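Enquirer: Have a look at this one.
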Amino acid sequence: MTLPSSTGRPGRFPAPPAPAPSGAAAPPAAVAPSAALALPVAVWVLTRALLLLFVFKVLVFPGPDVTSDVSVIYQGWFEVLRTGTFPLDDVTWQYPPAAALAVLSPGLLPFWDYASAFFVLACLADAVVTGLLLYAGRRPGKRLAGAWVWIAGLALLGPTSYARYDVMVTGIAVAALLAGARRPRLTGALAALGAMLKVWPALLLAGTARGRTTRSSWSAFVLTALALVLLFTATMPGALAFLTFQRDRGTEVESLGALVFHVARQFGWEGEVLLNYGSVEFLGPYVPLVSTLAMALTALAFGWLLWWRLRARRFSSSTACDAAFVAVLLFTTTSRVISPQYMLWLVGLGAACLVFRGSRMDRPAHLVLAATLVTCLEFPLWFSHVVASDALGVSLLFVRNGLLVAATLLACRTLWRHTVSGPAAAPHRPVPTRRHVPAEREDPAPTAQPSTSRR
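For the sequence shown, this note's numbering assigns the number 818 to the initial residue and increments by one for each residue that follows.
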């Protein structure tokens, strides 16, 4: 007897697929990876082209010129840093020593003026982050929601996104979180580099899983940070001067504590609003008290974070991102200063959370996006109303800061419920799949006839 080939019939042509059972739904058509990525890439290109038109002043964005920080302040620091020293006499220099790398980076493009080179590098950093989020979102257990949060967040913040070096720092933070438990040493090293650029990435390791992951990432963080501090201290005078300048800052007009003085001005408070230590701050009676209370609130927030760390019992694949997001939300919301570019930190960390299907930070991340939009309205669009403490300016600040407070409380509650007080999660095991054999193709019941097949 001639047996059929593995294709179902003799010869080289495969058997046609069996017809679907009557009434069965047709299987969904697979979406090509290129088709799934086409829309976010197209939206990124469109929105980023608009941002570049604004920062290059082809189009004029309403309100104060947000690019002056680059063309005046950053370029001034660039001229000092290239001589081999930090700007010791400039109180607006309030950044860790590795920030010199970001300020000096436009020198890599000498064929452009400083500001133009900076904007191009900011756009390049944005593109790298978008690529990382899109790549991660296509992997098993991941999703593209994180990439969409990033694409939308920078667009909602407006030209400020490309007029500060925070987009570069946030890119390093996102890369550190996406490296995750698979490369804990790389996570720690990137977090240290980010912390030496702008301090807050030190919080990225708040939610690392206990055991080997924590030991490897935290030791890499400490070693990398120490190496960078020693390098800059030995080669450039004034590497740690930023600590003094940060200590002397007051209450910035956009912060949570500033709402006290915005309201007090309606009842005759005698303070004033001035440019102080590089930001617009309140100066006058009770300002030191409110600043001290803000720092105490930050200390309490970090006390809660430490308590969570000690109590947490379950660490999933998204816990590191979720905890980092919560930690930076706590730091930002309670800070004496909430500059518009701080929203980039939250957008980036929220995007990293939403890459994971198991993350529960969807609602807090969406609240951050709403706060980012309001931030663009209060700066630069209607910043004059904020400085004047009129009805529009105060309303915008109440809405923006209220959204941040809501996002912070919701994120803290979500993190606690799913790592401390919730039911224990069952270990993840792959579910075996069962092959479905159509009714028309089922083998007939066995008979008493002798078998002719080989065993």
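Don't be surprised by glycine CBs; every beta carbon is placed ideally from N, CA and C.
Given the structure is predicted, the values throughout are model-derived calculations rather than measurements.
Under a Cβ-count criterion, where at least 16 other Cβ atoms within 10 Å of its own Cβ denotes burial, should Lys-959 be classed as buried or exposed?
Expert: As a position in the sequence shown, residue 959 is number 142, starting the count at 1. When all chains shown are included, Lys-959 counts as buried.
Enquirer: Under DSSP, the alpha helix (DSSP H) around Ser-1108 begins and ends at which residues?
Expert: Here the question's residue 1108 lines up with position 291 in the sequence shown. Looking at the DSSP string, the run of the alpha helix (DSSP H) that includes Ser-1108 is 1104 to 1128.
Enquirer: Secondary structure at Leu-941, three-state DSSP: helix, strand or coil?
Expert: Within the sequence shown, the letter at position 124 stands for residue 941. The answer is helix: DSSP assigns Leu-941 an H, G or I state.
Enquirer: Flag this pair as yes or no: are the beta carbons of Thr-1236 and Ala-1169 separated by less than 8 Å?
Expert: The sequence position of residue 1236 within the sequence shown is 419, counting from 1. The sequence position of residue 1169 within the sequence shown is 352, counting from 1. Result no, Cβ atoms of Thr-1236 and Ala-1169 do not sit closer than 8 Å.
Enquirer: Span of the beta strand (DSSP E) holding Glu-1098?
Expert: Stepping through the sequence shown from its first residue, residue 1098 is reached at position 281. Residues 1096 to 1100.
Enquirer: Evaluate Gly-1210 with the Cβ neighbour count: other Cβ atoms within 10 Å of its Cβ, from every protein chain shown; 16 or more gives buried, anything less gives exposed.
Expert: As a working mapping, residue 1210 is identified with position 393 in the sequence shown. So Gly-1210 ends up on the buried side.
Enquirer: Could you tell me which uninterrupted alpha helix (DSSP H) segments, each at least 4 residues in length, are contained entirely in the segment 957 to 993, listed from first to last along the chain?
Expert: Here the runs fully enclosed are 962 to 974.
Enquirer: With burial defined as no fewer than 16 other Cβ atoms inside 10 Å of the residue's Cβ, what is the status of Gly-963: buried or exposed?
Expert: Taking the first residue of the sequence shown as 1, we reach residue 963 at position 146. Per the 10 Å Cβ criterion, buried.
Enquirer: To the nearest whole angstrom, what separates the beta carbons of Glu-896 and Glu-1071, a pair I think is in contact under 8 Å?
Expert: As a position in the sequence shown, residue 896 is number 79, starting the count at 1. As a position in the sequence shown, residue 1071 is number 254, starting the count at 1. Contact flag wrong, Cβ pair sits at about 29 Å.
Enquirer: Within the same chain, show all residues whose beta-carbon is closer than 7 Å to that of Arg-1174, passing over the 5 residues directly before and after it, in chain order.
Expert: Walking along the sequence shown from the start, residue 1174 turns up at place 357. Gly-958, Lys-959 and Arg-960.
Enquirer: According to DSSP, is Glu-1069 helix, strand or coil?
Expert: Taking the first residue of the sequence shown as position 1, residue 1069 is located at position 252. Here Glu-1069 sits in strand by DSSP.
Enquirer: Taking the DSSP output, what are the residues bridged to Phe-1173?
Expert: Here residue 1173 corresponds to residue number 356 of the sequence shown, with the count starting at 1. Partner(s): Lys-959.
Enquirer: Quick one: is Asp-886 buried, meaning 16 or more other Cβ sit within 10 Å of its Cβ, or exposed?
Expert: The residue you call residue 886 lines up with position 69 of the sequence shown. Result: buried.
Enquirer: Should the segment 1000 to 1011 be regarded as contacting the segment 1171 to 1187, the criterion being three or more beta carbon pairs within less than 8 Å?
Expert: They do not touch, by the three-pair rule.
Enquirer: With 16 as the cutoff for other CB atoms within 10 Å, does Gly-954 come out buried or exposed?
Expert: Sequence index remark: in the sequence shown, residue 954 carries index 137 (1-based). Buried, because 16 or more other Cβ atoms sit within 10 Å of the Cβ of Gly-954.
Enquirer: Roughly how far, in whole angstroms, is the beta-carbon of Asp-930 from the beta-carbon of Val-984, given that I think they are within contact range, below 8 Å?
Expert: Working through the sequence shown from its first residue, we reach residue 930 at position 113. Working through the sequence shown from its first residue, we reach residue 984 at position 167. The pair is not a contact, with the Cβ atoms about 19 Å apart (cut-off 8 Å).
Enquirer: Would Pro-1197 and Val-1046 qualify as a contact pair, given that the criterion is a beta-carbon distance under 8 Å?
Expert: Your numbering for residue 1197 matches position 380 in the sequence shown. Your numbering for residue 1046 matches position 229 in the sequence shown. No; because the gap between Cβ atoms is not below 8 Å, this pair is not in contact.
Enquirer: Take every Cβ of the segment 1037 to 1045, pair it with every Cβ of the segment 1077 to 1094, and state whether three or more of those distances are shorter than 8 Å.
Expert: Verdict: no, contact absent.
Enquirer: Quick check: the Cα distance between Cys-1193 and Gln-911, rounded to an integer number of angstroms?
Expert: Numbered from its first residue, the sequence shown carries residue 1193 at position 376. Numbered from its first residue, the sequence shown carries residue 911 at position 94. Rounded to whole angstroms, Cys-1193 to Gln-911 spans 24 Å at the Cα level.
Enquirer: Hey, how far is the Cα of Ala-852 from the Cα of Thr-947?
Expert: The sequence position of residue 852 within the sequence shown is 35, counting from 1. The sequence position of residue 947 within the sequence shown is 130, counting from 1. Going from the Cα of Ala-852 to the Cα of Thr-947 covers about 17 Å.
Enquirer: Can you list the alpha helix (DSSP H) stretches of 4 or more residues lying completely in the segment 837 to 924, in chain order?
Expert: Taking only runs of at least 4 residues, the alpha helix (DSSP H) segments lying wholly in the segment 837 to 924 are 850 to 872, 892 to 898 and 916 to 921.
Enquirer: With H, G and I counted as helix, E and B as strand and the rest as coil, what does DSSP make of Val-946?
Expert: Taking the first residue of the sequence shown as position 1, residue 946 is located at position 129. Val-946 falls in the helix class under three-state DSSP.
Enquirer: Mind checking whether Pro-810 and Ala-916 have CB atoms under 8 Å apart?
Expert: The chain is shown only over 818 to 1272; residue 810 falls outside these bounds and no answer can be derived.
Enquirer: Quick check on this structure: which residue in Val-1145, Thr-1004 and Thr-1050 has the alpha carbon closest to the alpha carbon of Val-1221?
Expert: As a first step, residue 1221 must be located in the sequence shown, where it is residue number 404. A small correction: the amino acid at residue 1221 is Leu; Val does not occupy that position in the sequence shown. Residue Val-1145 is the option with its Cα nearest to Leu-1221.
Enquirer: Could you check the C-alpha separation between Trp-1233 and Trp-1125 for me, to the nearest Å?
Expert: Here the question's residue 1233 lines up with position 416 in the sequence shown. Here the question's residue 1125 lines up with position 308 in the sequence shown. C-alpha separation (whole angstroms): 7 Å.
Enquirer: Between the C-alpha atoms of Gly-893 and Ala-1208, what's the straight-line distance to the nearest angstrom?
Expert: Residue mapping note: residue 893 aligns to position 76 of the sequence shown, counting from 1. Residue mapping note: residue 1208 aligns to position 391 of the sequence shown, counting from 1. About 37 Å.
Enquirer: Looking only at its chain, what residues have a beta carbon closer than 8 Å to the beta carbon of Leu-1114, apart from the 5 residues adjacent to it on each side?
Expert: Residue numbering aside, residue 1114 sits at position 297 when the sequence shown is read from its first letter. Cβ within range, chain order: Thr-1151.
Enquirer: Excluding five sequence neighbours on each side, which residues of the same chain lie with their C-beta closer than 8 Å to the C-beta of Leu-951?
Expert: Start at 1 with the first residue of the sequence shown, and residue 951 comes out as number 134. Answer for Leu-951: Leu-854, Pro-857, Val-858, Leu-961 and Ala-964, listed in chain order.
Enquirer: Would Gly-1074 pass as a contact of Ala-1111 if the rule is Cβ separation under 8 Å?
Expert: Here residue 1074 refers to the residue found at position 257 when the sequence shown is read from its first residue. Here residue 1111 refers to the residue found at position 294 when the sequence shown is read from its first residue. Result yes, Cβ atoms of Gly-1074 and Ala-1111 sit closer than 8 Å.
Enquirer: Kindly give me the distance between the Cβ atoms of Leu-1021 and Ala-990, rounded to whole angstroms, as I take these residues to be in contact under 8 Å.
Expert: Indexing the sequence shown from 1 puts residue 1021 at position 204. Indexing the sequence shown from 1 puts residue 990 at position 173. 6 Å between Cβ atoms; contact.
Enquirer: Around the Cβ of Asp-906, are there at least 16 other Cβ atoms within 10 angstroms (buried) or fewer (exposed)?
Expert: Sequence index remark: in the sequence shown, residue 906 carries index 89 (1-based). Classification for Asp-906: exposed.
Enquirer: Which one or two residues does DSSP pair with Asn-1218 in a beta bridge?
Expert: Translated into the one-based positions of the sequence shown, residue 1218 becomes position 401. For Asn-1218, which the question treats as bridged, DSSP gives no partner whatsoever.
Enquirer: Please tell me whether Trp-861 and Thr-987 are closer than 8 Å, where the distance is taken between their beta carbons.
Expert: The count along the sequence shown starts at 1 and reaches residue 861 at position 44. The count along the sequence shown starts at 1 and reaches residue 987 at position 170. No, Cβ-Cβ distance for Trp-861 and Thr-987 is not below 8 Å.
Enquirer: Using 10 angstroms around the beta-carbon of Val-872, count the other beta-carbons present and answer buried if the total reaches 16, otherwise exposed.
Expert: Taking the sequence shown and counting its residues from 1, one reaches residue 872 at position 55. Looking at its Cβ environment, which holds 16 or more other Cβ atoms inside 10 Å, Val-872 is buried.
Enquirer: In angstroms with no decimal places, state the Cα-to-Cα distance between Gly-1005 and Val-920.
Expert: For the purposes of this step, residue 1005 is taken as residue 188 along the sequence shown, with counting starting at 1. For the purposes of this step, residue 920 is taken as residue 103 along the sequence shown, with counting starting at 1. Approximately 23 Å, taken between the alpha carbons.
Enquirer: Closer than 8 Å by C-beta to Ala-1026: which residues in its own chain qualify, once you throw out the five before and the five after it? Chain order, please.
Expert: In the sequence shown, the residue the question calls residue 1026 occupies position 209. Closer than 8 Å at Cβ, skipping near neighbours: Ala-998, Phe-1132, Thr-1136 and Ala-1137.
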